[in-house]
Each structure stands twice: as C-alpha cells, then as structure tokens.
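First comes the structure, then the notes that go with it.
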Amino acid sequence: MRPGVDVQAFAKRYANAKALLLDTYVQGVKGGTGIVFDWQQVPTHLSKPIIIAGGLTPENVSQAITSLTPYAVDVSGGVESAKGIKDAEKMSAFMRGVSMSIIKSFTHKETSLPDAHGHFGIYGGIFVPETLMQPLEELRQAYEHYLKNAAFLAELNDDLHHFVGRPSPLYHAARWSQHLGGAQIYLKREDLNHTGAHKINNTVGQALLAKRMGKNRIIAETGAGQHGVATATVAARFGMECVVYMGAEDIKRQAINVYRMRLLGAEVRTVESGSKTLKDALNEAMRDWVAHVDNTFYIIGTVAGPHPYPAMVRDFQAVIGRETRQQIKVLTGRLPDILIACVGGGSNAIGLFYPFLDEQDIAIYGVEAAGDGLDTGHHAAPLCAGKPGVLHGNRTYLMSDQDGQIIETHSISAGLDYPGVGPEHAWLKDTGRVKYVAVTDEEALAAFHDLTRMEGIMPALESSHALAYCKKIAPTLDKDKIIVINLSGRGDKDIHTVATLEGIKI
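Residue 35 in the UniProt record's numbering sits at position 35 of the sequence shown, with consecutive numbering throughout.
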C-alpha cells in the first residue's frame, strides 16, 4: 500500500481474485516491516473482502478491524518477543483485541436506536408491571456491561463457532435461479445451525448472560418449537433448569419439537388460554417471570418485548448479516441487490437486514404470513394489515379489532402465527427503509416444494414465505441481479403439517 493507491481500481483489475491482501509498502524491503499503512486509503464499500497485514499489534488490532471490517487479519512481528519467537501473552492480548472489535459490530451508522428508553421512533418502550421494571433494568445494565467485556465476547464467539457451527454457508441456488429465469438467488443457510434454525444464535448469547448474572433457571416461549429447542439446548449445555411455554395448538402441529425439548431435559408447559398459540405462550412466560424474578432469566426468542430485548436479540442475530456481507463479496465480488426474509416476530429478518441498512441501493423485503389471504382476515400480517398498539411490553403494529383488542391470527407456519412484530420492524416500515409484503399459505407451500425438489433443501414453512416472494420477483429481474434470502430454518419439523394438508397420513 503506497500513498495514493486506488484500491477500488485494483479490485476491478483483479476481478477473479476472491480477496485482496493489503500490506505496507516499504521501498527496497521484502517481508514484514512492522509498519502500519494508512487505513483511510481503503474505501468503505470495497467490492472485495480484504485481509489486513502490516504492523498489527495487540494495541491496534481492534481499531483496524473496527475501521476496515476485514475478512481476516495477518499478524507476525506484532506478537513476537524476539525475531521469529512468538510471545504467548502478546498472542492472547491480540486475540482479546480481536474480540473487543466485535463491540463495534453491534453498532450502526444509520441509527443509534433504540434510545435510552428503548424507543424506535414511536415504537418499542417498556410497558410492563412495576415488578418487572427492576429486573429489566438489571438485564439492561448487564447486557451493556458484557457487550464491552472481552472474555464474554470471546466465549460467545467460541460457542458460535464450535457449538452452533458458524459461520453458516451462503449457498447459490443455481438450479432454482435458472428455473425462474431471472436473478441469481443465494440462501443464507441458517437451517444448518445446530438445532436447525437461527434461534440458537440468540439463546447462546442470552444463556451466557444468565450464567454471568447468577440465574440458574431459564424460561422461554415458543411457537414453532425452534426457539424452545434452542433454549432447552443451551440449558442442557450450561446445566440450567428450563421451562418452555407452548400453546396447545402449536404442540399439536409441532410434536417432534416438543419431544426434542423434553429429551433435552426441559419442562414443556401447555398453554390452553386464548388462541393457544405463540401470543398466549408469551403471556404465560411473562407471568412466570413476574413470580420468579430472583432466580429466573427469561430468554425471549424474537425482537419483541420490553426494552432491552428488541435490541439485544437483534444484536445477537446480526451475525447473520455480518457473515453475509463477507460471504457474498467472496462469491460474487459485490454486495447483493435484494435481501428477503420472513417476518413473524422478526428476529431472523432483522439479523440479516441490520448490517445492510446503510446500503441505500439494496432493496429489503420482509415477508409476512397472509394465511388464507389478507382480505379474509385469516392471516398474521400486522405490518401489512394491522395498526399500532401495545402488546407484550412494547408498542408496535398489531392484529387488533376496532376496540384495540388482539384478534386471532392464522398461518400455516407456527413460527409466523403471532399478532405483533418487533418494534424496529414497525419503525423500518414507517421510514420506508424496508418494504413489508405478505404471501399466502398456498404460495408458501408451493415454494416449500420447489426448493425441496430443485435444490434438495427442505426449508421450514416460515422460510418458505420468503422463498415464495422471491419466486414472484426473481423472474422479473436481469440475470446479473443478486438476491439473498435468509433460509431461517429447516423443514423437518413441518413434515407432518405438509403431509396432513396434502391428505397423506404418516
């Protein structure tokens, strides 16, 4: 790297290169110099991933990663006690610096939201009984503290890698892309995570918080069962008592996940009130937390609920989008044109969207469940057909009647069968940064079969909603356009639902 080098021009010149390694140029010197180049020479939106070398030390690596968000770093002399002799303490300090850089990954240039009171514009906030105000404040303080703690971040990253199996692949669905005849479609394979969905990203983070806060009992709500399984999984890993609340209707259609939770040692409590689905399970979990705040940590599975949950869950799920930014550059040499994800509560969607919100040239679509059709009233699409109100501790868009009472929802997918949505999604809808659309049960089921038969990948019915919308728009786009879909989970759990709908007895 000499002064004045046009890095973007080099990226275009070496179009076939998967990445660029940037090092300091010193005339007449070969090999490592220990000298840092001017990081401001590197464009913010470079079309290729970069590997940083040149003068990296334990003292400056965090700043380097924060400034350049590289694919990898190359260090040698900066962790040596003598020429060619690596120093264990310096190497440990270097790794701590790498972990500390992740703190900046949780920040966002476009917005500092939520504010100190948990608001995304007019949405979000804290609408809970007085007995929960102190536990929520305790949680907020703990999260903000450990977000800056190198040991916590290192343990989180280690578990995401060795326990969850991250990074999850970004897969080119070439046959499906060719069949649709338009844009190139890439799938972020969250279905390949341990437990089969994106939910584990968040439960690992919250369980580590619970452990540090001295809570030995964790509770959760679940709809499709994936969050319940992910919570039971981390409870088993860390030796914690676990109770999962699940609506009676969801228990019927997700019997496999119920059995998985019980195998993992969790107690699954059936919720018979209301519509007997996710909304009611969340109500019961909140009541449990009120009664047992001293020893209980409530792991909310989506970006809803009172502050700090919407921001905290988003931050734990944003690893999806951060990985995607690097992976798509390696595969295609640039960022995508379109992002698509299904939206129930909205955690998988915000996990993909959040690291891209500054990229105004990228179109972003959140896909809700239209159920039997928006005009029938039998759906779960609060952003497309609801209105603002308060539910489960936060203000957001809701499925409600003229008196503001929550109405029953319907979706083929248990994970999307929820009358609310995360408050950040409500704000993104109002600002216009994300466009929210809806697809029907029938369309989602067709997309489920398409991907299964054309790519050998069986998607969750939740993810199938995102696939269905992609199926609509991909053929209208040029073949050089790039779409990334968050494949939030695998479809094993939905086999009985699909078979029953098609009149097949298993």
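All C-beta atoms, glycine included, are put in the ideal place defined by N, C-alpha and C.
Boundaries (first-last residue) of the beta strand (DSSP E) holding residue i
i	result
G389	387-391
Q184	184-189
Nonlocal neighbours in the same chain, by C-beta distance under 8 Å from residue i, ignoring five residues either side
i	result
V343	A349, G366, V367, E368, L383, L416, V421, H425, Y436
G265	A232, A235, A236, C242
M95	A154
L136	I126, V128, P306, H307, P308
P3	D38, Q41
K493	G196, A224, G225, Q226, Q254, I256, N257, A460
Nearest-angstrom Cα separation, counted from residue j out to residue i
i	j	result
residue 507	A9	Residue 507 cannot be examined here, being either before or after the span of the chain that is shown, 1 to 506.
residue 523	L398	No information on residue 523 is available, as it lies outside the stretch 1 to 506 that the chain covers here.
I364	K481	14 Å
A19	V434	30 Å
R395	G346	15 Å
I299	P459	25 Å
D361	I483	13 Å
L21	T324	20 Å
H410	Y418	8 Å
G77	D23	13 Å
L180	K471	7 Å
Y35	Y146	For the record, residue 35 in the displayed sequence is Ile; it is not Tyr. Approximately 33 Å between the Cα atoms of the pair.
W39	F120	33 Å
I495	I485	22 Å
G214	L282	23 Å
L331	V164	23 Å
T296	W289	7 Å
L192	K479	27 Å
Cutoff 7 Å; reference residue i; Cβ partners in own chain excluding five residues on either side
i	result
P43	V7, Q8
W176	I185, D450, L451, M454, E455
T270	M246, A248, I251
E462	A224, C342, G344, S413, G415, L416, S488, G489
A11	L20, L46, S47, K48
Extent of the continuous alpha helix (DSSP H) run through residue i
i	result
F448	441-455
F37	Counting along the chain, F37 falls outside any alpha helix (DSSP H), and DSSP gives it neither H nor E.
I219	Premise fails: I219 lies in the beta strand (DSSP E), 217-222, not in any alpha helix (DSSP H).
E284	278-291
Assigned exposure category for residue i - 16 Cβ within 10 Å defines buried
i	result
S168	buried
S275	buried
R262	exposed
T497	buried
A466	buried
M246	buried
L501	exposed
R253	buried
Q206	buried
T431	exposed
I506	exposed
D280	buried
A210	buried
Cut-off 6 Å between Cβ atoms - residues of its own chain near residue i, not counting five sequence neighbours on either side
i	result
E284	Y245, V271
Inset, instruction - Decide if the segment 422-431 is in contact with the segment 439-452; the criterion is three or more beta carbon pairs, one per stretch, under 8 Å apart. - result: Contact between the segment 422-431 and the segment 439-452 is absent, because fewer than three Cβ pairs lie under 8 Å.
On the three-pair Cβ rule with 8 Å, is the segment 184-197 touching the segment 120-129? Contact between the segment 184-197 and the segment 120-129 is absent, with fewer than three C-beta pairs closer than 8 Å.
Contact between the segment 187-206 and the segment 221-236 is defined here as three or more beta-carbon pairs at a separation below 8 Å; is this criterion met?
In short, these stretches touch, since the Cβ pair count reaches three.
Assess contact between the segment 369-379 and the segment 321-338, defined as three or more Cβ pairs (one per stretch) separated by less than 8 Å. Is contact present?
With fewer than three CB-CB distances shorter than 8 Å, the segment 369-379 does not count as touching the segment 321-338.
- Query: For the segment 322-335 against the segment 46-66, are there 3 or more C-beta pairs whose distance is under 8 Å?
  - Reply: The segment 322-335 is in contact with the segment 46-66.
### Message
Pairs of beta-carbons, one from the segment 240-256 and one from the segment 318-329, closer than 8 Å: are there three or more?
### Response
By the Cβ rule, the segment 240-256 does not count as touching the segment 318-329, because fewer than three pairs are nearer than 8 Å.
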